[in-house]
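K.L.:
Sharing a structure with you now.
There are 2 protein chains.
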Amino acid sequence: MQELKNRIREEGVIRQGNVLKVDSFLNHQLDMQLLHTLAEEFATRFENEEINKVLTIETSGIAIACMVADLMQVPVVIARKTKTKNMNGELYKKTVTTVTKDEYDLYVAKQYLGEGDKVLLIDDLLAHGKALEGLSDMVMESGAELVGIGVAIEKSFQVGSKLIRDKDIRLESLVIVDDLDWRSNKVVFRGDND
Amino acid sequence: MQELKNRIREEGVIRQGNVLKVDSFLNHQLDMQLLHTLAEEFATRFENEEINKVLTIETSGIAIACMVADLMQVPVVIARKTKTKNMNGELYKKTVTTVTKDEYDLYVAKQYLGEGDKVLLIDDLLAHGKALEGLSDMVMESGAELVGIGVAIEKSFQVGSKLIRDKDIRLESLVIVDDLDWRSNKVVFRGDND
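Heads up: the protein sequence lines correspond to chains A and B, in order.
Per my numbering, the very first residue in the first sequence carries number 21; after that it's consecutive.
Per my numbering, the very first residue in the second sequence carries number 21; after that it's consecutive.
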């Protein structure tokens, strides 16, 4: 996806520790025109899959997930990181352990996910993949079918994409980042040398 | 907005303490078709205002804000409740004190809000209004113009709408809830007796 590569090259900021900041168009400020284009690409890649639900994780995934679901004319379900007093039905819960050994839980109300659902998981970024792995397990344990995962940016040198593909889950990444050099602020994309 | 009133009547659940749960279509699971309709109504009410930015608060406001911004062809800025390590530019910060005396901070990067901006604030629900009040102050202190606030559901018997209107801010609520009775699960909307 050349448009997304261009935006990352123009506006992305690399920080030490393999951090890629895309705050100006994807995380903190959202370029809706770009998000629309990304959503169209996901909708095309997953067409004919009879997806009936898009699932995402708060917070950064919500915007793209909504744009995709709007095109597909299906609802979005947001996996929550906190259990509010309003979530008092039966819940699925998955504990996610991050690479820095922090732990948090993901919650989805059972009434919104289960047998008969064909689910597409959407997120902005795939790095270590712990949250997406946990959410994939939750979908499968619920009895729903996990059609695939779509991420805008995959960082191939971190473990997430391997975790997902090792589970035989279809993964569609709009751009794949093979390397980040914070000293020169250089991003190497998959396909750059084709 | 009759469509939203109907959905609240059909699917809304009232809990003791004036809590209105709209998890099945607005908060946890999102009905994108309904959100599209709500967004069109906001876009109509604020047309000709030359809005160039939609601002919202994570998490529940993001979906509607994105749909509105997509129609208006302007970017969204999401006020964050946590300062991540990636937010290392200059930030606006507002401390919000909730009615239960909890405190949290709202952050927006200075580069995405300031003089010359004409801002529309969008959120799903207006109850005590502490977060929207803080964010309104932030917009005004940034030098941007606050064109108005749009909320899907206003609970008129809580203090938020008074807080906002006392500041002479234009407030557009798609439905106004005048009373909630958890015993009978009855919602009284403004205009019901017109």
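Ideal Cβ placement from N, Cα and C applies to all residues, glycine included.
1) Would the stretch 150 to 165 of chain B and the stretch 60 to 67 of chain B be scored as touching if the rule is three or more Cβ pairs under 8 Å?
2) Measuring straight from C-alpha to C-alpha, what distance separates residue 55 of chain B and residue 29 of chain A?
3) Pick from A:43, A:173, A:107 and A:178: whose alpha carbon is nearest that of residue 130 of chain B?
4) Going along chain B, which residues have a C-beta under 7 Å from residue 89 of chain A?
5) Tell me whether the stretch 112 to 128 of chain A and the stretch 137 to 144 of chain A touch, counting them as touching only if at least three CB pairs, one residue from each stretch, are closer than 8 Å.
6) Does the structure place the stretch 45 to 59 of chain A close enough to the stretch 77 to 96 of chain A that three or more beta carbon pairs sit under 8 Å?
7) Do residue 25 of chain A and residue 195 of chain A come within 8 Å of each other at the CB atom, strictly closer than that value?
8) Determine the chain E residues that contact residue 97 of chain B at a beta-carbon separation under 9 Å, and present them in chain order.
9) Note the first and the last residue of the continuous beta strand (DSSP E) segment covering residue 209 of chain A.
10) I want to verify the contact list: residues of chain A whose CB lies under 8 Å from the CB of residue 93 of chain B, in sequence order.
11) What three-state label does DSSP hand residue 80 of chain A in the structure shown?
12) Can you tell me whether residue 205 of chain B is buried or exposed? The criterion is at least 16 other CB atoms within 10 Å of its CB, across all chains shown.
13) Leaving aside the five residues before and after residue 103 of chain A along the sequence, list all residues of the same chain whose C-beta is less than 6 Å from its C-beta, in chain order.
14) Can you check whether the C-beta of residue 132 of chain A is within less than 8 Å of a C-beta belonging to chain B?
15) Tell me, please, whether the CB atom of residue 123 of chain A is closer than 8 Å to any CB atom in chain B?
16) Mind checking who residue 54 of chain B pairs with in its DSSP beta bridge?
17) Less than 8 Å separating the beta-carbons of residue 133 of chain A and residue 141 of chain A?
18) Just to confirm the assignment, what range does the alpha helix (DSSP H) spanning residue 28 of chain A have?
19) Quick one: residues in its chain with C-beta nearer than 8 Å to the C-beta of residue 35 of chain A, no 5 flanking neighbours on either side, listed in chain order?
20) List the residues of chain A that residue 56 of chain B touches, going by C-beta distances under 8 Å, in chain order.
21) Just checking: is the beta-carbon of residue 118 of chain B within a distance shorter than 8 Å of some beta-carbon in chain A?
22) Relative to the alpha-carbon of residue 154 of chain B, which residue among B:171, B:175 and B:124 has its alpha-carbon at the smallest distance?
23) Can you tell me whether residue 109 of chain A is buried or exposed? The criterion is at least 16 other CB atoms within 10 Å of its CB, across all chains shown.
24) Got a sec? Which residues, its chain only, sit under 6 Å from residue 176 of chain B by beta carbon, not counting five neighbours each side?
25) How far does the beta strand (DSSP E) with residue 198 of chain A in it extend, from its first residue to its last?
26) Please report the Cβ distance between residue 47 of chain A and residue 80 of chain A, rounded to the nearest whole angstrom; I am assuming they are in contact, meaning their Cβ atoms lie under 8 Å.
27) Using beta-carbon positions only, say whether residue 74 of chain A and residue 88 of chain A come within less than 8 Å of one another.
28) Any beta-carbon of chain B closer than 8 Å to the one on residue 29 of chain A?
29) Please confirm whether residue 203 of chain B has its beta-carbon closer than 8 Å to some beta-carbon of chain A.
30) When you compare the CB positions of residue 63 of chain B and residue 21 of chain B, do they come within less than 8 Å of one another, or not?
31) Could you please give me the residues that DSSP links to residue 49 of chain A through a beta bridge?
32) Using the Cβ count rule (16 or more neighbours within 10 Å means buried), how would you classify residue 121 of chain A?
33) Using a C-beta cutoff of 8 Å, does residue 82 of chain A count as contacting chain B?
P.N.:
In short:
1) no
2) 33 Å
3) A:43
4) 52
5) no
6) yes
7) yes
8) The structure shown contains no chain E; the protein chains it does contain are A and B.
9) 206 to 209
10) 52 and 53
11) coil
12) exposed
13) 127
14) yes
15) no
16) In DSSP, residue 54 of chain B forms no bridge with anything.
17) no
18) 22 to 31
19) 41 and 202
20) 90
21) no
22) B:124
23) exposed
24) 196 and 198
25) 191 to 201
26) 5 Å
27) yes
28) no
29) no
30) no
31) B:97
32) exposed
33) yes
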